[in-house]
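See below for the structure under consideration.
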Amino acid sequence: MRMGAKTGAAALVERIEWPLVIVVVLLAALGLLNLRNASLNSPASFHLAQAVWYMVGLGAITVVTVIHTRFFQRWAYVGFGAVVLLLVAVALFGTELNGSKRWLNFGAFLVQPSELLKLAVIVVTARFFNDRNKEGSHSLRELVVPTAIVLSGVFWVFNQPDLGTSLVILAIFGTMVLFEGVRWQSVVALAVAGVIALPFGYAFGLKEYQRDRVLSFMNLDADTHGQSWQVRQSMIAFGSGRVWGKGHEEGTQVQKGFVPEHENDFIAANWGEERGFVGMLLLLGLYFAFVAAALNVSRKARDRYGVLVGVGVAALFFWHTVVNLGMVTGMLPVVGLTLPMLSYGGSSLLTMMVAIGLLFNVSFHRPSYG
Amino acid sequence: MALGDLPTRGRHGELAEYGARYGWTLAIVLVAFGIIALRLWQIQVIEGERYYRAATENIIRQVEVSAPRGRILDRYGVALAENRPSFDVYMVPHIFRRHADEEAYALLKRYMNLSEAELARIRGMVESNRGEVLLRRDVPRLEVARLEEDRLRLPGIEVRATAHRHYPLHHVGGHAVGFVAEVGRDELRNLRAYGYRSGDRVGRMGLESAFEEVLHGSPGLDRVVVDARGNRQGESQTRFLIGEYQRIEPVAGRDVVSTLDADLMVIIDEAMRRYAAGAVVAVDPRDGSVRGLYSKPHFNPNAWSGRLSAMEKMRSDNDPFKPMLDKSVNAYFPGSVYKIVGTWAALHDGIYEPHDEVDCPGYYHFGGRRWRCHKRGGHGDVDAYTSMALSCDVYFYKLAEEMGMDRMAEFARRFGFGERTGLPINHESAGRIPDTEWYRQYGPDGYTRGMDLNSVLGQGDTLTTPLQVAMAYAAIANGGDLYYPRMVEEIRNQSGDVVFAYEPRVRKKVGIDAESLEVLRRGLWMGVEDDIGTASRLRLDHAEVAGKTGTAQVAKLGAVRVANSDKEIRLRDHAWFAAYAPYDDPELVLVVFLEHAGHGGAEAAPVAMEIFDRYLTRKQGFDALEVRLGSAPLERAGEAP
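Quick mapping for you: the protein sequence lines, in order, are chains A and B.
Following the working numbering, the numbering of the first sequence begins with 1 at its first residue and continues without gaps.
Following the working numbering, the numbering of the second sequence begins with 1 at its first residue and continues without gaps.
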């Protein structure tokens with residue numbers, strides 16, 4: 001490990017991304033508090049279970065941080081391949097819940113390999129472009145290989161079916177590729193192709209319930225008891241918080257169970273209800289700060305791998321946040337995406353924590369040039 | 001690029017080729033978050049109030065609190081209709097639809113003992129209804145306990161304690177007291193303004209219906225906090241969320257103290273035990289108070305107020321004797337109890353002096369036809385007294401011939417026949433007193449003089465109600481005052497204070513002269529107390545009774561007289577008996593009408609005399625039947641199995 005001029009504790013402290021640490025700690029604290037309030041009337045103590053996952057996540061961050069970056073680069077393809085194998089295993093032996101086969105049952109706990117794929121795509125994409133080390137924009141032809149690699153994983157996720165995760169992985173990949181540089185003619189060509197493909201994708205690519213979600217999103221008033229009911233209740237929770245919120249522990253809509261999935265995808269509704277518009281701005285500010293801090297890690301990176309991992313993690317948080325908040329405020333269809341650090345759930349939280357670990361890793365092992 | 005190479009650095013120290021991309025990326029992130037912030041601004045700031053109201057409507061439900069219905073009491077305070085605690089099960093369909101699964105349906109079926117058809121009906125309601133529906137009324141405690149145990153698995157199901165109408169005397173006086181039933185959809189349109197809502201019960205028939213406004217009271221209003229499953233939250237939660245809210249207390253309905261006598265009603269019911277159809281009216285001649293109003297076949301108001309089974313409803317609808325018809329105010333041929341009209345008319349107009357005698361050979365020639373007396377061998381010489389006691393038809397034939405129908409009709413109307421008496425309940429019939437004009441207008445063959453002879457006997461087209469007969473006989477008993485039948489003494493509020501008292505009201509003075517009155521009274525006395533009387537074998541040893549039997553022919557007589565027992569039931573005569581007692585100080589007028597039961601003397605008079613016997617001796621502290629039979633104290637009919 002080359003640590004430059006400073007050594008020991010001083011160098012360590014210098015390399016810690018303090019803004020990132022502060023944002024993560026704030027998000028974690030806020031997330032636990034919010035989860036506690038949201039589940040005040042629930043028999044389960046979601047916040048306590050989540051706290052345990054945070055502990056596990058902290059361990060994961062530490063491990064990921066201290067392992068040398070070269071390890072991840074070296075094993076990127078193997079790791080990606082392993083994740084795809086897990087996804088195949090899901091398709092073959094997975095556990096089915098609510099009509100989706102997304103989990104592998106390891107007795108004591110369920111593992112969701114599609115979450116791992118988000119991380120694998122970030123690492124493998126970073127490795128790919130790092131290896132190419134091409135300055136300037138890429139042509140479409142040059143993107144065929146990495147796209148094929150990513151699609152070989154996304155295919156299985158899409159088939160689970162998990163439209164939300166498939167799209168967010170493609171969005172992360174897309175963001176990294178765009179950041180890496182694509183000829184603008186290629187971007188235009190892809191955009192046109194995408195627009196043309198959209199109706200076909202809707203008609204043949206989506207399952208019926210997914211089409212229903214899109215339809216109910218288009219007309220919230222038509223279906224007051226199905227998908228729209230969730231969104232409507234979520235909006236009532238948000239709206240009823242008004243400017244300053246109803247106050248600590250005083251949210252009624254979420255606590256009384258009017259908002260389904262309130263500890264999970266719709267967790268923001270509780271924050272919005274209790275803390276109002278001001279609280280939501282604070283939350284948005286924290287996410288923005290996180291994305292900015294991640295990009296800052298990327299900016300300080302000394303190689304393409306570090307740059308792209310930083311962008312990939314920023315994209316992971318960005319897309320999750322935007323899609324989730326867009327969904328719970330009725331701007332986007334319900335696709336089942338968690339809100340980073342706030343939604344309850346081990347797989348999702350662990351993914352985010354490992355992603356944060358990757359950022360620390362890039363920062364920690366950054367070569368020092370003095 | 002291999003690790004360790006020295007790349008080109010940008011202005012901010014980043015790899016040079018990525019230069020401006022960080023700025024662009026952050027700008028895009030900012031724009032995306034800005035759009036979300038704008039959306040939140042729209043929801044939380046601009047439309048916040050609207051959503052806040054929606055949230056309040058989500059958790060706070062206005063619940064009307066039913067007012068306890070007032071009781072109906074007899075004159076001594078015995079409850080004829082009261083409230084007992086019961087449990088109703090409600091469902092909020094949209095909550096059930098959202099949260100319930102097949103298991104919930106199965107639990108509901110098991111716990112509430114539902115048939116497949118009922119379950120299918122509930123499934124239909126769940127799919128189509130919003131708001132709240134009453135699933136089942138008056139659910140037994142055990143079922144409630146089982147439901148409550150599994151409340152968490154039955155979302156949207158609520159059990160509410162409520163008051164259920166109960167009639168302690170069961171079928172006795174069912175027609176007079178009435179019953180309650182759920183308000184109909186059309187009815188509700190008019191009643192909503194008066195605080196009624198779907199599922200409320202309104203009085204049907206009897207006092208329950210006539211005094212609906214008094215008994216109903218006004219509902220209160222309460223606000224409760226519910227969760228998404230419709231479960232009510234506790235008092236402290238409610239207080240915490242909606243503060244010190246104003247609860248509008250319900251105003252209980254007021255009690256109706258009727259003039260009815262529960263004991264007498266039970267006695268009447270027992271005296272009527274052998275008869276399938278008929279009516280009994282008991283009136284206090286001193287003020288027109290109705291002491292008993294009884295109709296048979298009866299129905300159980302408890303069954304009609306609760307869950308009436310389809311079978312029971314069908315049985316009632318198909319019963320040829322029409323259980324839901326109050327026969328005490330329905331009009332029938334009165335037969336000989338109507339002869340008081342002819343006697344008074346004749347005496348008043350001087351056609352007869354009281355002791356003028358008419359020979360009855362058993363028939364009377366008129367219009368080329370022989371009109372028969374009910375006694376084939378004839379009564380011999382009869383005067384005004386004995387014609388009443390013996391119920392001699394020939395005496396009245398002659399009288400009718402001389403007087404004519406129109407004059408007799410005039411006297412009938414003075415007694416109140418042909419008009420409603422003014423009883424507040426059960427849509428009483430006016431009856432019919434035909435005159436020549438009526439026959440000319442409505443008779444298929446117009447008017448003929450022979451009709452006069454039919455008319456004087458209370459036959460032909462004359463129709464009176466048992467209540468009209470009772471009020472007319474009360475006028476004779478009290479010296480000529482025709483009262484309005486008084487069924488309610490007073491209205492009391494829940495504290496027991498009298499808020500309104502119904503005073504007796506004289507409808508009109510009959511205008512009977514003392515001499516005619518005395519003749520009528522004496523004639524009626526002889527009907528029971530003289531050895532020649534048609535009811536003399538039923539004399540009581542402790543009180544004198546004055547009465548008149550009547551046998552109303554339902555089918556026209558043929559040349560050959562056929563015994564009632566040989567006739568088809570619906571062709572048999574109606575049996576009547578109208579009487580009052582004690583003779584020298586009348587306090588009770590009784591009219592017994594037995595539909596298609598035969599002769600008045602043989603059938604109706606014994607019923608009336610049993611009632612008098614037991615009623616009058618009871619007033620002295622013992623029961624005649626008990627004394628004679630040495631039996632256990634009279635069991636309340638309501639408590640009989």
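Even for Gly, the Cβ is constructed at its ideal location relative to N, Cα and C.
Asked	Found
Among the residues of its own chain, which have a CB less than 8 Å from the CB of R366 (chain A), if the five just before and after it don't count?	R15, K300, A301, R302 and G306
Taking buried to mean at least 16 other C-beta atoms within 10 Å of its own C-beta, is V78 (chain A) buried or exposed?	exposed
Note down the Cα distance separating D5 (chain B) from K134 (chain A), rounded to an integer number of angstroms.	Caution applies to D5 (chain B), whose pLDDT of 48 falls short of 50 and renders its modelled position unreliable; the value that the coordinates give is listed next. Distance between the alpha carbons of D5 (chain B) and K134 (chain A): 14 Å.
Could you give the DSSP three-state label for W407 (chain A): helix, strand or coil?	With chain A represented from 1 up to 370, any question about residue 407 (chain A) goes unanswered, as that position is not in the structure.
Quick one: which unbroken beta strand (DSSP E) runs of 3-plus residues sit fully inside the region 304-367 of chain A? Chain order, please.	none
For Q441 (chain B), count neighbouring Cβ atoms within 10 angstroms of its own Cβ and tell me buried if that reaches 16, exposed if not.	exposed
Under a three-way DSSP split, which group does T252 (chain A) fall into?	coil
Check the Cβ-Cβ distances between G124 (chain B) and every residue of chain A, and say whether any is below 8 Å.	no
Would you say A32 (chain B) lies against chain A (beta-carbon separation less than 8 Å)?	yes
Using a Cβ-Cβ distance under 8 Å, would S39 (chain A) count as near chain B?	no
Quick test of your reading: A37 (chain B) and L337 (chain A), contact by CB under 8 Å. State the CB separation rounded to the nearest angstrom.	Their Cβ separation, rounded to whole angstroms, is 19 Å, which puts A37 (chain B) and L337 (chain A) out of contact at 8 Å.
Where DSSP assigns a beta bridge to E82 (chain B), which residues make up the other side?	B:H166
Using a cut-off of 9 Å between C-beta atoms, extract the partners of A252 (chain B) located in chain A.	Simply none; closest approach about 33 Å.
In whole angstroms, what is the alpha-carbon distance linking F96 (chain B) and L107 (chain B)?	13 Å
Quick one: residues in its chain with C-beta nearer than 7 Å to the C-beta of A559 (chain B), no 5 flanking neighbours on either side, listed in chain order?	For A559 (chain B), the pLDDT reaches just 48, beneath the cut-off of 50, and the residue's location in the model is therefore unreliable, although a value from the coordinates is still provided. Excluding positions up to five away in sequence, the list is empty.
How long is the line joining the alpha carbons of R656 (chain B) and N41 (chain A), rounded to whole angstroms?	Residue 656 (chain B) lies beyond the stretch modelled for chain B, which goes from 1 to 641, so this question has no answer here.
Candidates B:A604, B:S455, B:A477 and B:V519: which alpha carbon is nearest Y583 (chain B)'s?	B:A477
Any contact of the region 260-280 of chain A with the region 65-72 of chain B, i.e. 3+ C-beta pairs under 8 Å?	no
Name the chain B residues that come within less than 8 Å of T329 (chain A), Cβ to Cβ?	I36, R39, L40 and I43
Give the DSSP-derived three-state secondary structure of Q42 (chain B) in the structure shown.	helix
If you follow the alpha helix (DSSP H) that H175 (chain B) is part of, which residue opens it and which one closes it?	G174 to V177
Run through the region 21-70 of chain B for me and flag every whole alpha helix (DSSP H) of 4 or more residues, listed as ranges in chain order.	21-40 and 48-59
Kindly provide the ranges of any beta strand (DSSP E) runs that are 3 or more residues long and lie completely inside the region 98-131 of chain A, ordered along the chain.	100-105
Could you run through the region 293-327 of chain B and flag, in chain order, every residue whose CB is less than 7 Å away from some CB of chain A?	none
Can you tell which of A:T95, A:P161 and A:T125 has the C-alpha that lies nearest to the C-alpha of V111 (chain A)?	A:T95
Under a CB-based cut-off of 8 Å, is I67 (chain A) close to chain B?	no
Where do the ends of the beta strand (DSSP E) carrying H542 (chain B) lie?	Element bounds for H542 (chain B): n/a, residue is neither H nor E.
If you draw a straight line from the C-alpha of Y52 (chain B) to the C-alpha of M324 (chain B), how long is it?	54 Å
Is the region 291-299 of chain A in contact with the region 307-321 of chain A, if contact means three or more CB pairs nearer than 8 Å?	yes
Can you round the beta-carbon distance between R151 (chain B) and M112 (chain B) to whole angstroms, since I take them to be within the 8 Å contact cut?	Actually they are not in contact, since the Cβ atoms of R151 (chain B) and M112 (chain B) sit about 14 Å apart, beyond 8 Å.
Let me make sure I understand the geometry here. Which of A:A10, A:F93 and A:E273 has the alpha-carbon closest to that of G251 (chain A)?	A:E273
Can you give the beta carbon distance from F577 (chain B) to A535 (chain B), rounded, assuming they're within the 8 Å contact cut?	7 Å
Following the continuous beta strand (DSSP E) through Y483 (chain B), name the residue where it begins and the one where it ends.	D481 to Y483
Give a yes or no on whether the minimum CB-CB distance between V307 (chain A) and chain B is below 8 Å.	yes
With 8 Å as the C-beta to C-beta threshold (strictly closer), list the residues of the region 110-141 of chain A near chain B in chain order.	N130, N133, E135 and G136
Distance check for Y385 (chain B) and G523 (chain B), CA to CA, integer angstroms please.	4 Å
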